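When the letters of the sequence shown are read in order and numbered with the working numbering, they come out as residues 1062 to 1545.
For glycine and all other residues, C-beta sits at the position ideal for the given N, C-alpha and C.
All values reported here derive from a predicted model rather than from experimental measurement.
Take a look at the structure set out below.
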Amino acid sequence: MTLVLADVAPAPDGSAVGTAISVVLGVGFLVLLLLVVRKMLAKGRATTTPPPPTLPSQTKVEPALEKPALPKVELPPSEAEAKAKAEAEARRLEAERLKAEREALEKGSAEAQALKAKEEELKKEAYRAQKQAEAEEKERRKREREEAERLAAEEQRRAAEAAAEAKRQAEAAAKAKIEAEAGATLAAGLAKTRSEGFMAKLNGLFGGGPKTIDEKVLADLEEVLFTADIGVKTASSLVEVARDKAKAKELDSAEKLKGVIRKEVERIVSLKANTALGGGGPPHVIMVVGVNGAGKTTTIGKLAAKAKAEGKKVVLGAGDTFRAAATEQLDVWAERAGAELVKGKEESDPASVVFEAIKRAKDVGADLVIADTAGRLHTKANLMEELKKVKRVAEKALPGAPHEVLLVLDSTMGQNAIAQAKQFQEAVGITSIALTKLDGTAKGGVIIGICDELKVPVAWAGVGEKVADLRKFEPKEFVEALFE
Ligand SMILES: Nc1nc2c(ncn2[C@@H]2O[C@H](COP(=O)(O)OP(=O)(O)O)[C@@H](O)[C@H]2O)c(=O)[nH]1
Ligand SMILES: [Mg+2]
1062 MTLVLADVAP
1072 APDGSAVGTA
1082 ISVVLGVGFL
1092 VLLLLVVRKM
1102 LAKGRATTTP
1112 PPPTLPSQTK
1122 VEPALEKPAL
1132 PKVELPPSEA
1142 EAKAKAEAEA
1152 RRLEAERLKA
1162 EREALEKGSA
1172 EAQALKAKEE
1182 ELKKEAYRAQ
1192 KQAEAEEKER
1202 RKREREEAER
1212 LAAEEQRRAA
1222 EAAAEAKRQA
1232 EAAAKAKIEA
1242 EAGATLAAGL
1252 AKTRSEGFMA
1262 KLNGLFGGGP
1272 KTIDEKVLAD
1282 LEEVLFTADI
1292 GVKTASSLVE
1302 VARDKAKAKE
1312 LDSAEKLKGV
1322 IRKEVERIVS
1332 LKANTALGGG
1342 GPPHVIMVVG
1352 VNGAGKTTTI
1362 GKLAAKAKAE
1372 GKKVVLGAGD
1382 TFRAAATEQL
1392 DVWAERAGAE
1402 LVKGKEESDP
1412 ASVVFEAIKR
1422 AKDVGADLVI
1432 ADTAGRLHTK
1442 ANLMEELKKV
1452 KRVAEKALPG
1462 APHEVLLVLD
1472 STMGQNAIAQ
1482 AKQFQEAVGI
1492 TSIALTKLDG
1502 TAKGGVIIGI
1512 CDELKVPVAW
1522 AGVGEKVADL
1532 RKFEPKEFVE
1542 ALFE
């Protein structure tokens, strides 16, 4: 190479092109020469060295021309070979089986995962749907409750209306019944007094045509009045009035004398009484006093029925705790009248029963309380002390109570009733009187004595045992019943 490079170096003279061409040609010749030599060397090697034997299994294919033709040799496979082959096949098959198995498993697990994911998703959906269902159910239950409440309220309202209507009708019926069985009138109740009592004697005195009013007539009048049931004091005052009029020559006939007595009696009994069964409180409290058998419990029952018929709400207090029968009796009356009864145990403190009755009446918004009391204790002093206590306790339960202290007097006792009234008046201060059993007695004149001596009005007159047999005492009606 160094030679070639020296050869191609440029000539210093001007014939450079010719030199270059001769160099190229020289190089080309040399190359050709080298190729020929190399080929020849290769040929010589091929003839001396046999090619390595090729295995039938070798895939390398020599050019046909150069391959030497080999005879066909077929050996039976050795036992080891066969064994190895069988082994290989078995292993291959096993491998394939495992592969299939693995793929199946892999496929299975992928499906399982997908299913699991799906399952999870479904669970979530189920949970959400459940929640939604619960919310819907809750809403439904709420609506159900509201509807039930609405229906119940409506039912309650209907029932209340029906009850109110029934109550109205029952009250109207009770009122109508009381009015229908109007009971005995005061006049009927006084029938015996008029026909058998002092009025019969008086009428005998006044009757029989015109009569001059002399001392004889006045003496007869005095006798009749003093033996009547009106009390000595009242009898004296009536005789006094007649004598004065006679002296003043104002009496020229029996008719005139009768007129004077009548006017005087009317004046005496015309005391203002409260028969409204109200006015105090509410509740208006009436404490009922009187001796045993006077007719307290019966009168309370009648008054309760009257008040109920007027639409009042009534509470009765079983203050006669001395006898169990007294409470039972009042219970019957309360039931009949449609009043509530407050009772204590037998022999419990009457004052506490009355206190409870007033308290109950306040609680239920009652209009009226009527308290029964005992009429007999070991001594009269005991009774009066007990009644005073009841009165004090009533005041404690409701300031201003009792608004009335009603004394029940049995008219059949005549003048004794007046003495009795005075004792109660002193002890507890009575405000009005109910005079009972006028229907069975000729001693109705006692009213005049009571009013005159105590200046306490007779509010009620008992003329029989029925509810309707308790009449408001009307002075005018009383006088008319006696004198006409
Ligand atoms: N005939 C008649 N009997 C009456 C009257 N008031 C009460 N009674 C009767 O008198 C009795 C005694 O009455 P009661 O109320 O128990 O008296 P209390 O002990 O004061 O409570 C009973 O048999 C009543 O029926 C009335 O106005 N006329
Ligand atoms: Mg009684």
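Taking 8 Å as the threshold, find out whether the region 1310-1325 comes into contact with the region 1492-1502 through three or more Cβ pairs.
-> No, the region 1310-1325 is not in contact with the region 1492-1502.
Can you tell me whether DSSP reads residue 1502 as helix, strand or coil?
-> The answer is coil: DSSP assigns residue 1502 none of H, G, I, E or B.
Ligand 2 heavy atoms versus the CB of residue 1289: any closer than 6 Å?
-> no
What are the start and end residues of each continuous alpha helix (DSSP H) run of 4 or more residues lying completely inside the region 1431-1512, in chain order?
-> 1441-1458 and 1476-1489
If you draw a straight line from the alpha carbon of residue 1538 to that of residue 1248, how long is it in whole angstroms?
-> 7 Å
The region 1450-1468 in contact with the region 1404-1415 per 3-pair CB rule at 8 Å = yes
Considering only residues of the same chain and omitting the five flanking positions on each side of residue 1420, which have a CB-CB separation below 7 Å?
-> Result list for residue 1420: 1458, in chain order.
Have a look at the DSSP bridge pairing and note the partners of residue 1532.
-> 1522
Pull up the CB-CB distance for residue 1506 and residue 1499, whole angstroms please, since I reckon it's below 8 Å.
-> Not quite, the Cβ-Cβ distance comes to about 10 Å (not below 8 Å), so this is no contact.
Between residue 1524 and residue 1354, is the Cβ-Cβ spacing less than 7 Å?
-> no
Hey, residue 1482 and residue 1445: beta-carbon distance below 7 Å or not?
-> no
How far does the alpha helix (DSSP H) with residue 1316 in it reach, from first residue to last?
-> 1315-1330
Just the C-alpha distance for residue 1356 and residue 1441, rounded to the nearest angstrom, thanks.
-> 18 Å
Pick helix, strand or coil for residue 1136, following the three-state DSSP scheme.
-> coil
What number of angstroms, rounded off, separates the C-alpha of residue 1541 from the C-alpha of residue 1474?
-> 23 Å
Closer than 6 Å: residue 1387 CB and nearest ligand 2 heavy atom | yes
Enumerate, from N- to C-terminal direction, the unbroken beta strand (DSSP E) stretches of 3 or more residues contained entirely within the region 1126-1203.
-> none
Measure from the alpha carbon of residue 1279 to the alpha carbon of each residue in 1318, 1260 and 1290, then state which is nearest.
-> When the alpha-carbon of residue 1279 is set against those of 1318, 1260 and 1290, the nearest one is in 1318.
Within 6 Å: the Cβ of residue 1358 and any heavy atom of ligand 2?
-> yes
List the endpoints of the continuous alpha helix (DSSP H) containing residue 1248.
-> Residue 1248 -> alpha helix (DSSP H) spans 1247-1250.
Determine contact between the region 1207-1224 and the region 1376-1392, defined as no fewer than three beta-carbon pairs at a distance below 8 Å.
-> no
In three-state terms, what does DSSP make of residue 1401?
-> strand
What residue range is occupied by the uninterrupted beta strand (DSSP E) comprising residue 1378?
-> 1375-1379
First and last residue of the uninterrupted beta strand (DSSP E) at residue 1347 = Residues 1345-1350.
Would the beta-carbon of residue 1392 be found less than 6 Å away from any heavy atom of ligand 2?
-> no
Any idea what DSSP makes of residue 1282, helix, strand or coil?
-> helix
Could you tell me if the beta carbon of residue 1497 falls within a distance shorter than 6 Å of some heavy atom in ligand 1?
-> yes
Going by CA-CA distance only, name the one from 1245, 1480 and 1199 that's closest to residue 1515.
-> Considering only alpha carbons, the answer is 1480.
Alpha-carbon spacing of residue 1268 relative to residue 1469, whole angstroms = 35 Å
Which one or two residues does DSSP pair with residue 1429 in a beta bridge?
-> 1345 and 1375
Which of helix, strand or coil does DSSP assign to residue 1545?
-> coil
When DSSP labels each residue in this structure, what does residue 1274 get in the three-state scheme?
-> coil
Helix, strand or coil: how does DSSP classify residue 1336 here?
-> coil
Thinking residue 1361 and residue 1464 are a contact (beta carbons under 8 Å), I'd like their distance in whole angstroms, please.
-> Incorrect: roughly 15 Å between the Cβ atoms, too far for contact.
State yes or no: is the C-beta of residue 1327 within less than 7 Å of the C-beta of residue 1518?
-> no
Using alpha carbons as the reference points, say which of 1231, 1214, 1186 and 1188 lies closest to residue 1398.
-> 1231
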